[in-house]
Each structure stands twice: as structure tokens, then as C-alpha cells.
DNA sequence: GTTGACATGGTAATAATTATCAAATACAAA
DNA sequence: TTTGTATTTGATAATTATTACCATGTCAAC
Ligand SMILES: [Mn+2]
Ligand SMILES: [Mn+2]
Ligand SMILES: [Zn+2]
Ligand SMILES: [Zn+2]
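Chains as they are written, first to last, in my numbering: chain F, 709 to 921; chain X, 709 to 921.
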């Protein structure tokens with residue numbers, strides 16, 4: 709094996725320590741802001757550079773989940789993540805007994821598979837709270853965004869269905885006139901809370917799920 | 709009363725059809741290149757805009773895997789993906805009987821979980837083949853003296869240009885990742901075959917010219 | 001102490017995406 | 001069929017995140 713030529717500079721050391729100190733999976737920029745308190749003269753480029761070097765050396769892990777910004781993890785143990793669709797924070801997740809289960813696809817399509825990543829997504833506790841408060845508030849501006857009782861019932865019904873529903877299916881669960889349901893579905897579709905994969909079939913979108921969270 | 713109906717414009721329709729035509733998970737840019745053949749006057753912005761609108765409407769899916777570029781999928785059925793660590797292509801993957809299995813974490817850490825994504829990664833068939841060829845080509849020791857295919861291509865491109873080129877100019881002529889080009893340029897510069905008269909601009913040297921003579 | 005590989009801070013450049021805006025278009029109402 | 005107008009488009013500017021560059025600095029080996 710070739711000797712690792714990497715020097716452990718003061719900056720590199722601080723970056724590594726800071727990453728290991730929490731389980732917050734910071735971006736390069738977030739880390740830079742934290743580290744500036746200890747090393748006010750450090751450059752953002754140094755942070756980027758060292759995160760790259762440290763992850764190539766296998767001392768940290770680079771996460772490429774949930775959007776365009778890379779995040780970094782000081783925890784090397786095999787584990788998986790959840791991220792919030794609204795604020796994009798990333799947390800570790802416990803898969804229980806499945807934790808060490810290695811998925812292997814039936815057909816690899818000719819690929820040589822070297823790994824597998826399992827990611828969950830949803831709404832984090834903080835954002836759940838914020839959503840509740842926003843709903844309570846009910847300001848005029850948000851009026852366009854707030855849902856009436858009928859709409860909420862329909863969304864909840866759709867959320868429980870694995871497949872797309874027709875208005876008949878919804879009528880079975882929600883005691884409303886078919887005409888009403890159809891009208892509300894149209895409104896919900898406009899707001900982006902339901903989608904129609906096929907004519908006359910409706911399903912809830914991610915936005916819809918967060919609207920009733 | 710604000711009406712917010714999505715119009716099915718010609719551009720939007722073509723984009724949707726093109727996406728559904730293959731299982732290649734193109735990026736906005738790749739799709740743009742394909743569509744330009746049918747609609748030469750379409751704007752890249754229109755492609756980006758419509759991909760966003762179509763995915764919000766639930767007519768297509770947005771994939772945020774493997775790096776910084778978003779990819780899009782016309783297939784709405786629940787399925788998962790493999791991607792190549794080297795060339796970043798994305799393919800569908802068959803999970804066999806597990807396909808519809810919904811992972812649920814033991815502890816959600818307070819999150820309201822709305823979904824789960826399973827991603828495999830590895831080396832695609834094409835890249836496997838290329839790796840084999842590269843191995844055959846030459847020993848690492850000789851690497852210092854001989855030029856590989858990429859380096860020769862780059863040098864030839866530079867030789868044909870009257871003015872200094874940016875890596876973008878080279879990328880237009882040589883089908884390679886910008887990172888690759890940049891890396892090879894650095895190597896070539898060290899060897900004295902290219903010079904950099906201005907930042908990020910490169911030109912061939914006399915030594916470089918004789919190297920490809 | 002000289003040498004030379006590796007690092008750093010400051011900044012420019014790049015890549016991918018998003019925003020802006022005047023002009024074109026789709027489409028519902030007249 | 002014509003018309004009014006909100007939506008959409010193409011062109012381009014701006015933004016975001018990351019990477020490249022370079023002059024200068026550090027340090028360990030000769
Ligand atoms: Mn983690
Ligand atoms: Mn797919
Ligand atoms: Zn959140
Ligand atoms: Zn590949």
C-alpha cells in the first residue's frame with residue numbers, strides 16, 4: 709500500500725473534529741460557518757478541499773442526498789438517513805433488525821454493484837410544528853393555501869390509498885356528493901396537492917402529504 | 709377567482725412524449741439536446757420550466773440521485789434505480805419479490821415518513837469494458853512518459869486552435885467529463901506539453917506539438 | 001540551510017439551475 | 001370566429017454550489 713501523504717494540518721484537524729462532534733451532516737458552507745469561530749482566517753476553499761481529501765482518504769463520508777448540496781458525515785459505521793422535504797435537514801435513522809440487511813437486486817442489468825443506499829424522506833419534527841402553527845394562523849394571504857374540511861378529508865383518504873383513486877372510491881370513504889368531490893379534487897389539483905396520473909384517477913402528492921401533516 | 713390551469717403546449721407535449729419514449733432518465737440538458745432535433749427553436753429554460761411543472765403535476769418524476777444534476781423519469785410506477793459511479797448513467801433496477809416491500813424504520817426520530825428510496829450504485833457494463841481496455845493499454849510506470857488517449861485527443865484539439873482554449877472549448881470537441889479534461893490538462897501542463905497563458909485558458913507548447921507529431 | 005512536495009487564503013471560473021421580461025400563444029368567453 | 005387575457009415562451013441575466021488557480025506559506029527530508 710502506498711503511504712498516505714496527507715499531512716494533518718491544523719485546519720484539517722479542526723474540520724475533522726468538528727464533523728465528528730455532531731450527527732448533523734453539515735454542508736461545506738455550514739461547517740465553514742461553525743469553524744470560522746475557531747479559525748476566523750480559514751478559507752471556504754480550504755473547507756471544501758479538505759472535505760474532499762478526508763472523504764477520499766476514508767476518514768469521513770460524503771453524502772449526496774436530497775438536492776444539490778453535498779453533506780458530510782463523521783460517522784463511518786454503516787447506517788442510513790432520513791431527510792426533511794421542507795427544510796432539507798438530514799438525520800440518521802435506525803432500521804432495527806434490518807440494519808445490516810444487504811439488499812441484492814434480482815437482476816443487476818449488467819452492473820457490477822458495489823453498494824446500496826436506503827433513504828427515507830418526510831417531514832421533520834420542527835417543520836411539523838411550523839405547519840401546525842401556519843394552519844392555526846389562517847392569514848388572508850395564506851387563504852389560498854388553507855384547506856377546508858372537505859379538502860382535508862379527501863386528502864386524508866387519498867393518503868391512505870396505495871393506488872390512484874376515482875371519485876367513487878373517495879365517495880365511499882367521505883360522505884359527500886360526487887359533484888362536490890370532483891370539484892374539490894380540481895381545486896386540490898390546482899394547488900398541487902393531488903395529481904392525476906390517469907384520467908379521472910387521483911393520488912396525493914408530496915406537497916399534499918405535508919399539507920395534512 | 710384565480711385560474712391556474714396548465715396548458716398543454718406543443719413544447720410541453722413533446723417533452724412529455726420524449727421522456728416517456730425511453731427509460732434513460734435524462735437530465736434537462738440531455739433532453740434539450742434530443743428535443744432540439746424536433747423543435748430547433750426551443751429554449752433550455754423551457755425544458756427546465758416544463759420538467760418542473762410536469763413533475764409538480766405528477767405527470768413525471770424528478771430523480772435527485774448521484775450528484776448535482778437532476779434527472780427525470782417518465783415511468784410513474786414505483787421502482788428503484790442503479791447508477792454508475794464512473795459515468796453517472798442511471799438505470800431502472802428490478803428488486804424481484806421485494807419490489808413492493810415498504811421499508812419502515814424502527815424509530816423515525818420524530819419524522820413523519822412519507823417515503824423511502826432505494827439506490828444501488830456500481831460500475832455499468834460500458835465502464836467495465838473501458839476499464840479493462842485501460843488496464844491492457846499500459847503500465848502505471850510508463851504513464852509518466854506516454855500519453856493516454858484522452859491526453860492525445862486534448863493535445864490534438866489544442867493544436868487545431870489558434871487561440872488559447874478553456875476546458876469548455878475542449879469539451880465541445882472531446883467527449884469527456886469536464887473534471888477529466890481539467891485533470892488531464894494539469895498532467896499535460898506538468899509534462900510541459902500545454903501552457904496556460906491566462907487563468908483557465910490553455911494552449912499547446914512546442915513540446916506538446918512534437919508529442920503528437 | 002536548501003529543496004520540493006504539499007497546503008492555504010483569496011479569488012476567478014465553471015456548472016446547473018432559477019429568475020426576469022418582452023413578445024407570442026392558447027383557450028375560454030363573447 | 002373573434003377577442004381578451006392569463007399563461008407560456010425564448011433569450012438572457014442572476015444565483016448557487018463547487019472547483020480551479022496561483023502566489024505564498026509550511027514542514028520534513030536531504
Ligand atoms: Mn449519518
Ligand atoms: Mn426509472
Ligand atoms: Zn424540516
Ligand atoms: Zn458507466
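Yeah, the Cβ is synthetic: ideal placement off N, Cα and C, and Gly gets one too.
In this text the structure is predicted, and so the values were computed from the model without any measurement.
Pocket of ligand 6 defined by Cβ to heavy atom distance under 7 Å: Among the ligands modelled here, namely ligand 1, ligand 2, ligand 3 and ligand 4, ligand 6 does not occur.
Quick test of the definition: if touching needs 3 or more C-beta pairs under 8 Å, does the segment 795-803 of chain F touch the segment 755-763 of chain F? no
Can you tell me whether residue 741(X) is buried or exposed, with buried defined as 16 or more other CB within 10 angstroms of its CB? exposed
Looking at the C-beta of residue 756(X), does it have a partner C-beta in chain F at a distance below 7 Å? no
Quick check on residue 718(F): buried or exposed, where buried means 16 or more other Cβ atoms within 10 Å of its Cβ? exposed
Near residue 784(X), which residues of its chain fall below 7 Å by C-beta distance, leaving aside the five closest residues on each side in sequence? 769
Using beta-carbon positions only, say whether residue 820(F) and residue 830(X) come within less than 7 Å of one another. yes
Give me the DSSP bridge partner(s) of residue 718(X). The partner list for residue 718(X) (beta bridge, DSSP) is empty, contrary to what the question assumes.
Using only the alpha-carbon positions, how far apart do residue 818(X) and residue 752(F) sit? 33 Å
Can you tell me whether residue 863(F) is helix, strand or coil according to DSSP? helix
Does any residue of chain F bring its CB to less than 7 Å from the CB of residue 735(X)? no
Flag residue 783(F) as yes when its Cβ comes closer than 6 Å to any non-hydrogen atom of ligand 1, and as no otherwise. yes
To the nearest angstrom, report how far apart residue 792(F) and residue 816(X) are at their CA atoms. 12 Å
Do you know how far the Cα of residue 841(X) is from the Cα of residue 917(X)? 26 Å
Which residues in chain F have a C-beta closer than 7 Å to the C-beta of residue 772(X)? List them in chain order. 774 and 775
If we ignore side chains and look at the alpha-carbon of each, how far apart do residue 913(X) and residue 863(X) end up? 9 Å
Output, in chain order, the set of chain X residues within a Cβ distance shorter than 8 Å of residue 822(F). 793, 829, 830 and 831
Taking C-beta pairs closer than 7 Å, name the residues in chain F that residue 836(X) reaches, listed in chain order. 820
Only counting the same chain, and skipping five residues up and downstream in sequence, which positions put a Cβ closer than 7 Å to that of residue 838(X)? none
Expressed to the nearest angstrom, what Euclidean distance is found between the alpha-carbon atoms of residue 734(X) and residue 746(X)? 17 Å
Between residue 893(X) and residue 731(X), what straight-line distance do the alpha-carbon atoms span, to the nearest angstrom? 35 Å
Looking at ligand 2, does it come within less than 6 Å of residue 800(X), judged from the CB to the closest heavy atom? yes
What's the C-alpha gap between residue 833(X) and residue 788(X)? 18 Å
Return helix, strand or coil for residue 770(X), following the three-state DSSP convention. strand
Below-7 Å beta-carbon distance, residue 916(X) vs any chain F residue: no
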